[in-house]
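Numbering follows the numbering used here, with no gaps: position 498 of the sequence shown is 565. Note that CB positions come from ideal geometry on N, CA and C, so glycine has one too. Here's the structure we're looking at; comments come further down.
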Amino acid sequence: MLATTPPPLSSTGPDRPPWWIYLLLPLLHFASVKLTLLCAVTPETEAVVWLPNAVLLAALLRYQGQRGWAMAALTTSSDVLATTSAFPLGSSVMLGLVNLAEVLLAYGLMRRMHVSRGLQRIEDFGKFIAAGPIVAALLAALLASAILLHMDAGITTPYLALVRVWWFGDALGLLIYTPLLLSFSGPVHAPPTRCTLLDGTIVLLGVALAWLVFSAEQGEVGGVSVTPDLLLPPVLYLAVRFGIRWTALAVALISLATAWVLTTGHQPFGAVDVHLEIVRAQEFIFTLCTVGIGFAILLTELKTHERGLEDKVRERTQALEASNARLAELSATDGLTGIANRRRFDEVLASEWSRATRSGQPLALVMLDVDFFKPYNDHYGHLAGDDCLRHVARVLAAQLHRGGDLVARYGGEEFVLLAWVRDAADARHIAETARLALVALALPHAASPLGTVTASLGVALHVPTVGETSDLLVQQADLALYQAKAGGRNQTVLYGAGSRTPAEPDPGPGA
68 MLATTPPPLS STGPDRPPWW IYLLLPLLHF ASVKLTLLCA VTPETEAVVW
118 LPNAVLLAAL LRYQGQRGWA MAALTTSSDV LATTSAFPLG SSVMLGLVNL
168 AEVLLAYGLM RRMHVSRGLQ RIEDFGKFIA AGPIVAALLA ALLASAILLH
218 MDAGITTPYL ALVRVWWFGD ALGLLIYTPL LLSFSGPVHA PPTRCTLLDG
268 TIVLLGVALA WLVFSAEQGE VGGVSVTPDL LLPPVLYLAV RFGIRWTALA
318 VALISLATAW VLTTGHQPFG AVDVHLEIVR AQEFIFTLCT VGIGFAILLT
368 ELKTHERGLE DKVRERTQAL EASNARLAEL SATDGLTGIA NRRRFDEVLA
418 SEWSRATRSG QPLALVMLDV DFFKPYNDHY GHLAGDDCLR HVARVLAAQL
468 HRGGDLVARY GGEEFVLLAW VRDAADARHI AETARLALVA LALPHAASPL
518 GTVTASLGVA LHVPTVGETS DLLVQQADLA LYQAKAGGRN QTVLYGAGSR
568 TPAEPDPGPG A
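The structure is reproduced here in structure tokens:
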């Protein structure tokens, strides 16, 4: 049964059981048997709960059946060894094998239903209840009761009554102990909740209430009924605040305490027949487990789902922001040269002009026009013309040294460079450095009388004042560029440096 290959119990691969598991497993199983015999078996030898079967089931779920044969052999040996004090050896062996069959059947059904190995979902918890406490425990009870009546003639309990005792005890043991062991053996999926003063107060009140309930005689204190049902609200509070791990621990402690007080004759459910009292105790434990643990699992699942949605929203928000940033970059970038476009230049100029108005610092604008670009395109072709413009853009971009500086394609073969400078000499130096760098490239231009690609540059420098607009700076740089072209091209002209605007018309950007 352990060698079959149905779908895995979880999406993650199984962990290989470490070596110490083979030491811990039989010890934990043996201690669970002794604990059950000590505090959960009544003087009438009726087991309120039977914990040990959950040890093997939790191990099979945790490690997804890996080395299951070894774990099964160890727990079955422990089962036989621990119960020889209560049953003859033959009966212990047969009952140990029944317990093993119960666990293997529960595990096989859960594996076929694709139950997660940590019972992290409320759907998995429901499948676990159906496969283990209901189906597997019932079939084991039917078989074990028949074995007991056949091998022990001293048992006078009717068969169906014996089935009920075995079924309910095994079912509750699986229900109490399996989630507890899984929660403490697996990873914590949610960060631990910090304990507040309110948390501590409620926990202390819950402990005090538990002491009052389990120390009461016949379920009353001073004539007031104090049944274990009063402990359900504190358990639900634990489920809300601290999740499955501590809720499962609280459920296990309350369940064992309920079973123990029955064995001592305190009658926490009132002065009723012992068999009815056991039924009431089992009903309470079943309610406590399903409501408390189920509620904790449901809340954990909802919180995990909420965190998953938050992560997805965060990822999509980041992707949207990146996409918007990319679109904004594309809308502000010239597709051919990769530098800023005219739209971006207009935005930055308006912003920097306002800042210069407030600070009183000079703002410089360099306008560049590639000399004889139309003949270049006609001679070399438009693809070569595009490459030429990209070379010019790189030359200008190399002159950017300050955070507020900007290079943009103004239109056609015209470029602009906006920069913060100290004075006119600094502004002219930036422009002249760019012109010389372009000359140094020595890009061939057979259609130019200069033989290589050159450019004419106009430079304007101005300290804005309130009421002036940035159009003033553009007009000044354009006039300086006109003078550079009219003066023979391949030169830099600073506006207002003694040059006079020629009267002849502009030869146009293609000249």
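*What residue range is occupied by the uninterrupted alpha helix (DSSP H) comprising tyrosine 562?*
Segment: none, tyrosine 562 is in no alpha helix (DSSP H) and carries neither H nor E.
*Which residue or residues does DSSP assign as beta-bridge partners of serine 292?*
Glu287
*From histidine 333 to glutamate 284, what does the alpha carbon distance come to, in whole angstroms?*
Spanning the two alpha carbons is a distance of roughly 5 Å.
*Over the uninterrupted beta strand (DSSP E) stretch that includes glutamate 481, give me the two end residues.*
Looking at the DSSP string, the run of the beta strand (DSSP E) that includes glutamate 481 is 481-487.
*What residue ranges within the segment 442-504 form continuous alpha helix (DSSP H) runs of no fewer than 4 residues, ordered along the chain?*
449-464
*Would you mind reading off the limits of the beta strand (DSSP E) that contains methionine 434?*
Counting along the chain, the beta strand (DSSP E) containing methionine 434 begins and ends at 430-437.
*If you count every other CB in all the chains shown that lies within 10 Å of the CB of tyrosine 562, and 16 or more means buried, which is it?*
It counts as buried.
_Residues of its chain near alanine 417, where Cβ-Cβ distance is below 7 Å and the 5 sequence neighbours each way are ignored_ = Ser537
*From serine 152 to threonine 331, what does the alpha carbon distance come to, in whole angstroms?*
21 Å
*If you drop the 5 nearest sequence neighbours on each side, which residues of the same chain put their C-beta closer than 8 Å to that of valine 533?*
Taken in chain order, the residues that qualify are Thr424.
*asked:* I need the straight-line Cα distance from leucine 435 to histidine 468, nearest angstrom please.
replied: 18 Å
*With DSSP collapsed to three states, give me the class of glycine 359.*
helix
*In angstroms, rounded to a whole number, what distance separates the CA positions of valine 462 and leucine 508?*
Taking the straight line joining both Cα atoms gives about 9 Å.
*Whose CA, out of Val274, Leu432, Tyr443, lies closest to the CA of aspartate 490?*
Leu432
*For the segment 158-177 against the segment 193-210, are there 3 or more C-beta pairs whose distance is under 8 Å?*
yes
*Excluding five sequence neighbours on each side, which residues of the same chain lie with their C-beta closer than 6 Å to the C-beta of arginine 134?*
Pro84
*Expected contact under 8 Å - CB spacing of leucine 248 and valine 115 to nearest Å*: With a Cβ gap of about 19 Å, leucine 248 and valine 115 do not count as contacting.
*By Cβ distance below 6 Å, which residues in the same chain neighbour serine 515 in space, the five residues on each side in sequence not counted?*
Phe439
*asked:* Using 7 Å as the threshold, is the C-beta distance between valine 506 and histidine 512 below it?
replied: no
*For cysteine 356, count neighbouring C-beta atoms within 10 Å of its own C-beta (all shown protein chains included) and say buried if the count is 16 or more, exposed if not.*
Buried, by the Cβ-count rule.
*The beta strand (DSSP E) with alanine 527 in it runs from where to where?*
522-529
*Under the DSSP definition of a beta bridge, which residues are partnered with threonine 400?*
Ala407
*Smallest Cα separation from threonine 103: which of Ile243, Ser144, Val339?*
Ile243
*asked:* What ranges does the beta strand (DSSP E) occupy inside the segment 307-393, keeping only unbroken runs of at least 3 residues that lie completely in it?
replied: none
*asked:* Classify aspartate 445: buried if its beta carbon has 16 or more other beta carbons within 10 angstroms, exposed otherwise.
replied: Counting Cβ neighbours within 10 Å, aspartate 445 comes out exposed, since fewer than 16 surround it.
*asked:* With the cut-off set at 7 Å, would you say arginine 495 and valine 541 are in Cβ contact?
replied: No; because the gap between Cβ atoms is not below 7 Å, this pair is not in contact.
_Counted within 10 angstroms of its Cβ, other Cβ atoms place serine 250 as buried (16 or more) or exposed_ = buried
*Which whole-angstrom value is the C-beta distance of leucine 473 and phenylalanine 412, which I expect to be below 8 Å?*
7 Å
*Coarse secondary structure for alanine 114, derived from DSSP in three states*: strand
*Are the segment 399-406 and the segment 473-485 in contact at 8 Å, needing three or more beta carbon pairs?*
yes
*How many angstroms separate the CA atom of glutamate 535 from the CA atom of alanine 460?*
30 Å
*So is aspartate 237 buried or exposed if we call it buried at 16+ other beta carbons inside 10 Å?*
buried
*Return the CA-CA distance between leucine 229 and serine 99, expressed in angstroms with no decimal places.*
22 Å
_Spatial neighbours of phenylalanine 351 in its chain, beta-carbon cut-off 7 Å, leaving aside the 5 residues before and after_ = Taking phenylalanine 351 as the centre and dropping the five residues before and after it, the same chain places the C-beta of Pro295, Asp296, Thr325 closer than 7 Å to its C-beta, in chain order.
_So the candidates are Gly361, Pro531, Arg381, Leu209; which of them puts its Cα closest to the Cα of tryptophan 313?_
Ranking Gly361, Pro531, Arg381, Leu209 by Cα distance to tryptophan 313 puts Gly361 first.
*In three-state terms, what does DSSP make of methionine 108?*
The sequence given here has valine at residue 108, not methionine. The answer is strand: DSSP assigns valine 108 an E or B state.
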